Structures are given as C-alpha cells and as structure tokens.
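In our numbering, the protein residues as written are 230 to 507.
Below: the structure, in structure tokens.
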Ligand SMILES: C[S@@+](CC[C@H](N)C(=O)[O-])C[C@H]1O[C@@H](n2cnc3c(N)ncnc32)[C@H](O)[C@@H]1O
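This is the structure in structure tokens:
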C-alpha cells in the first residue's frame, strides 16, 4: 500500500528539496514581499503559539518566532528542515523548533493559536483531511493565515518563461489544475469549499500582486526561473532535452525578460487566505 502523500515526500526529499536548499537565498529574496504581507495579515502577538505548515527552509518560521511565544515548523522534507534548524540556531532563537511530519495526519504544536504558511499548503492528497487535522489541534479562537499562488497565467514569473520553453520543448503532460502542486489553490471557490468542509469559519481571500526580484542580470534571472520554479519539471526533469535546446531556451528567456530596473522583476499573484477555527 502506498503511503499518503508519497509522491510529494519523494519530491521534497529529492529534487524539490535540493532546489529549495541550494536556492534558499534567491527564493527568500524573490518572496520577501509575500513574507511581509503574510506577517501583517497574521497579526502575530507575543502570546501566539504558531505552527508553520510546510515550513521548508524556515524563513517564515524564524521571522514569526521573533514576535510570538513559540513557533513550530512542520515539513516532510529532511534536507529543508536541516537548513531551517541551522538557520534558527544561527539566529540565536530559543523558541523555534522544527519537526519532520506530514501535516495531513500528524500531531502539530498542541494548542496552536496561529497556523500559517507561505506556499506550504497546496501539496496535500486530501486537503480537507489536512485542514481538518490542523483545525482539530488549535485553540477555539485559533486563526489560519496562508499564502497560495493564483493561476500560472496571472503569474508572469511562470507564464513568461513557460511561453519560451513551449517554443522549444514539447510538454504533453495534461494539466490537472487541482492536482497537488503549486497552483492547486488558484481557484478561490475551491479554497473556500475545502476550508468550509474542514470546519473553518470566516473564510476570506484577498488577492495580492507583487514584484518578484529574480536577480541583477538576465543570466541570473533565467537561471533562477528554470532551476527554482515549476518549469524545472519540464526543463531539467526531462533527460531527452538536448543541451542545444536548453541553451536556445535559456537565450530566449533572457531576451524576453524586462530590462533591469535595479534588478529583474516579474509579477507574482497570490491569495492571502484567512479563517478562524470556530
Ligand atoms: C513551495 S515549498 C514552501 C516552503 C516554505 N513554506 C517557504 O515558503 O519557503 C512547499 C513545502 O511544503 C512541504 N510539504 C509538502 N507536503 C507536505 C505535507 N504533507 N506535510 C508537511 N509539509 C509538506 C514541502 O516539503 C515544502 O517544504
């Protein structure tokens, strides 16, 4: 019998985890505006006991722990958690812990008052079960606050390089917009229905657009977009793609990028989702 979320566990302990560990600084810089808007929406206080869902390499867990009583980062990826733990040690924070657990089924921090996440909630096989599991372990006045991506079309950092990749590489994988993955929560009515079925109240989604910084040069930006984003599945994951095709694609992406304006910026489009446990 397959373990639950097995594909995701393999991915995040394999190539996905590796891309996020090696790209941690690039990715955290690109997503800094999301961290800021998320922390503001979470309205964390010094008495909050926070659980960071799918905390990855720990940026948001560490940031929120600076304002909370305690923070637990939970994730399935051993390599990402190892980096998160060493970053928390370097920051000298004593109120942060990280645990390798599957949020869909596992025990979280008891009496969590705030469950939050930056892009760590879209990968569950059974999202209703996962959000019911989170809610069951919260105080009655507990809050939920997370960021998730809107559609690839609305995210220029995906749609622009994807249009170039498609000129060079055939991708026959039929897209399932609800399959676990970065864009599984793009549809706001689906998010509402999942949270409602899991028992959450006062569900609210606010759209936010922001500028993602992808580096100082077209070369750095093209590298980051291919290595760190969803394009990696097509471009890096397919061994049949020749070196010549790769080089032509990279050149095409570099030429299509907007001119540098103190860095290369592409639009990101997200939902900030909030809800109450009861
Ligand atoms: C896109 S990354 C975001 C990481 C981090 N929140 C950040 O913003 O840097 C998604 C994370 O969700 C984690 N994840 C996926 N499925 C999970 C599950 N069932 N339980 C816990 N973590 C999970 C992955 O291991 C990965 O670290």
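All C-beta atoms in this analysis are idealised placements derived from N, C-alpha and C, irrespective of residue type, glycine included.
The model shown is predicted, which means the values in this text are computed figures rather than measured ones.
Beta-carbon to beta-carbon, residue 481 and residue 396 are separated by about 7 Å, close enough to satisfy the 8 Å threshold. Placement of the Cβ of residue 304 at a distance of less than 7 Å from at least one heavy atom of ligand 1 is found. Put simply, the backbone Cα of residue 263 is about 21 Å away from that of residue 353.
Annotated as distal: residue 237 and residue 286, with beta-carbon spacing of 8 Å or more. Per DSSP, reduced to three states, the secondary structure at residue 343 is strand. Annotation: the segment 356-432 contains the following complete segments of the alpha helix (DSSP H) (minimum length 4 residues), in chain order: 356-365, 385-397, 417-426. When rounded, the separation of the alpha-carbon atoms in residue 447 and residue 454 is 10 Å. Restricted to the segment 293-344, the alpha helix (DSSP H) segments that are unbroken, complete and at least 4 residues in length are 307-320, listed in chain order. Here residue 338 really is in contact with residue 280; their C-beta atoms are around 5 Å apart, less than 8 Å. Runs of the alpha helix (DSSP H) lying entirely within the segment 245-296 and spanning at least 4 residues, in chain order: 253-259, 261-271, 288-294.
Under the criterion of beta carbons closer than 8 Å, residue 393 and residue 485 qualify as touching, at roughly 6 Å.
Apart from sequence neighbours up to five positions away, the residues of its chain that approach residue 368 with a beta-carbon distance below 6 Å are 340, 342, ordered along the chain. Proximity of the segment 407-422 to the segment 374-394 meets the contact definition, three or more beta-carbon pairs being nearer than 8 Å. In this structure, residue 441 lies near residue 259, with their beta-carbon atoms less than 8 Å apart. DSSP, reduced to helix, strand and coil, places residue 506 outside both helices and strands of the structure shown, so it counts as coil. In the DSSP assignment, residue 484 falls within the alpha helix (DSSP H) that extends over 472-485. Bridge partners of residue 468 according to DSSP: none are assigned. Remark: C-beta atoms of residue 432 and residue 349 do not approach each other more closely than 8 Å. Excluding five sequence positions before and after residue 492, the CB atoms of its chain that fall closer than 8 Å to its own CB belong to 442, 443, 444, 445, given in chain order.
No heavy atom of ligand 1 is found nearer than 7 Å to the CB of residue 388.
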